[in-house]
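Trainee: Supplied in structure tokens, the structure appears directly below.
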Amino acid sequence: MLSPVFNAACQVIDLSHAYSAAAPHYPGDRPIERQQAGMRAREGFLDYRLDMAEHCGTHLDAPLHFAENGLAVDGIPLARLMGPLVVIDISVRAQHDPDAQVEMSDIADWTRRHGALPPGAIMVMRSGWSARWNDAARYFGSVNGSHHSPGWSLAAVTHLIEKTDAVGIGVDTASIDPFIAADFPVHRAWLGAGRWALENLNGLDQVPEQGGWLVAAVARITGATGFPARVFAFVPNWNKP
Ligand SMILES: [Zn+2]
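Everything in the sequence shown is counted per our numbering, starting at 1 for the first residue and increasing by one.
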């Protein structure tokens, strides 16, 4: 538990899903597998070995995922794995359009209501799709073998790269690219620009559009192209939604 003093000042909101074999996995990936290693009766302790994709569940994408000489997970400076949280809400559109994207106009709307983007921002799309997590077919918007889920538009991400110092983007879907996009244009542009991304976020309905602070606590795996992360937000009590 947090100290009472800390609790009075802010809330901590978990933005991660739990990892398990039952969690939806990206089409083509395998589900998480767990094998018992140490046995109480044999070694005197219990532990497991996990077989999991780097990009399973709530996770971080490092530049190396799409950029040949990009930083791996362990190369991203710790100070760049946290920053002011900007939530771009497209949930009303996404309800009716599984191919909805974060457009330039959504960022302009945000700045009109809340002012300039904070320095070093972490920009997160709230589409409402984390509510589908327990139903993989709905989460991946699967229709007759094709998949549909909201993501960032290339135009919006290009704007962030060229005009802002935002360090990360995130989504409450499985991919920062809309699923229908061919050849991962947003991954290529954003990770190619040396910035990082978060996928499969949860709990975004509990954080305000502005005023929160996000931390992507990712394990420091040498050479990893991505890795599961405990992602959470601090929300000062005066900024609660
Ligand atoms: Zn990924």
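Glycine included, each C-beta is placed from N, C-alpha and C at the ideal position.
So what does DSSP say about MET1, is it helix, strand or coil?
Mentor: Interpretation of MET1 is limited by its pLDDT of 48, a score under 50 that renders its predicted location unreliable; the figure taken from the coordinates is listed afterwards. Residue state, collapsed to three classes: coil.
Trainee: What do you get for PHE179, buried or exposed, if any count of 16 or more other CB atoms within 10 angstroms of its CB means buried?
Mentor: Counting Cβ neighbours within 10 Å, PHE179 comes out buried, since at least 16 surround it.
Trainee: I want to see whether chain B comes within less than 9 Å of TYR19, judged by CB atoms only; does it?
Mentor: In the structure shown, chain B cannot be found, because there is only a single protein chain.
Trainee: Of all the options ALA166, HIS25, VAL12, which has the alpha carbon lying nearest to the alpha carbon of ASP135?
Mentor: The candidate whose alpha carbon is nearest that of ASP135 is HIS25.
Trainee: Comparing the CB of ALA189 with every heavy atom of ligand 1, is any distance shorter than 8 Å?
Mentor: Checking every heavy atom of ligand 1 against the Cβ of ALA189, none is found closer than 8 Å.
Trainee: Which of the three DSSP states, helix, strand or coil, is assigned to ILE176?
Mentor: In the structure shown, ILE176 sits in coil (DSSP, three-state: anything other than H, G, I, E or B).
Trainee: Determine the burial state of HIS96: buried for a count of at least 16 other Cβ atoms within 10 Å of its Cβ, exposed for fewer.
Mentor: Exposed.
Trainee: Any contact between the stretch 25 to 36 and the stretch 50 to 60? By contact I mean 3 or more CB pairs, one from each, below 8 Å.
Mentor: Flag = yes, the stretch 25 to 36 and the stretch 50 to 60 touch.
Trainee: List the whole-angstrom C-beta distance separating TRP196 from MET82, where the pair is believed to meet the contact cut-off of C-beta under 8 Å.
Mentor: The pair is not a contact, with the Cβ atoms about 12 Å apart (cut-off 8 Å).
Trainee: Can you find at least 3 beta carbon pairs, one from the stretch 84 to 91 and one from the stretch 211 to 225, that sit closer than 8 Å?
Mentor: Touching, per the Cβ criterion.
Trainee: Are there 16 or more other CB atoms within 10 angstroms of the CB of VAL207, so buried, or fewer, so exposed?
Mentor: Buried, since its Cβ has 16 or more Cβ neighbours within 10 Å.
Trainee: Which same chain residues end up closer than 7 Å to PHE234 when comparing Cβ atoms and leaving out the 5 residues on each side of it in sequence?
Mentor: Here the set comprises CYS10, VAL12, GLY212, TRP213.
Trainee: Please report the straight-line C-alpha distance between ARG188 and ARG113, rounded to a whole angstrom.
Mentor: If you take the alpha carbons of ARG188 and ARG113, they lie about 30 Å apart.
Trainee: Of the residues SER130, GLU209, ALA174, which one's Cα is nearest the Cα of ASP61?
Mentor: Measuring from the Cα of ASP61, the nearest candidate turns out to be ALA174.
Trainee: Below 8 Å on the Cβ atoms is my guess for MET125 versus ILE161; work out the distance and round it to an integer in Å.
Mentor: Actually they do not touch by this definition, with Cβ atoms about 16 Å apart.
Trainee: Below 8 Å, is the gap between the Cβ of ASP89 and the nearest heavy atom of ligand 1?
Mentor: Outside the cutoff, so no.
Trainee: Can you give me the Cβ contacts of VAL218 inside the same chain, cut-off strictly under 7 Å, excluding the 5 residues immediately before and after it?
Mentor: Closer than 7 Å at the Cβ level, and outside the excluded window around VAL218, lie LEU60, VAL73, LEU81, PHE227, ALA229.
Trainee: Spatial neighbours of PRO63 within its chain, please: C-beta separation below 6 Å, excluding the five flanking residues on both sides.
Mentor: The residues are GLY70, LEU71, LEU191, GLY194.
Trainee: Please work out which residues of its chain come closer than 6 Å, Cβ to Cβ, to ARG49, disregarding the five sequence neighbours upstream and downstream, and give them in chain order.
Mentor: If we look at ARG49 and ignore the five residues flanking it on each side, its Cβ neighbours are GLN35, ALA37.
Trainee: Taking TRP196 as part of the beta strand (DSSP E), name the residues at either end of that continuous run.
Mentor: Taken as a continuous stretch (DSSP letters only), the beta strand (DSSP E) holding TRP196 covers 196 to 199.
Trainee: Going by other Cβ atoms of all chains shown within 10 Å of its Cβ, with 16 needed for buried, is VAL231 buried or exposed?
Mentor: By the 10 Å Cβ count, VAL231 comes out buried.
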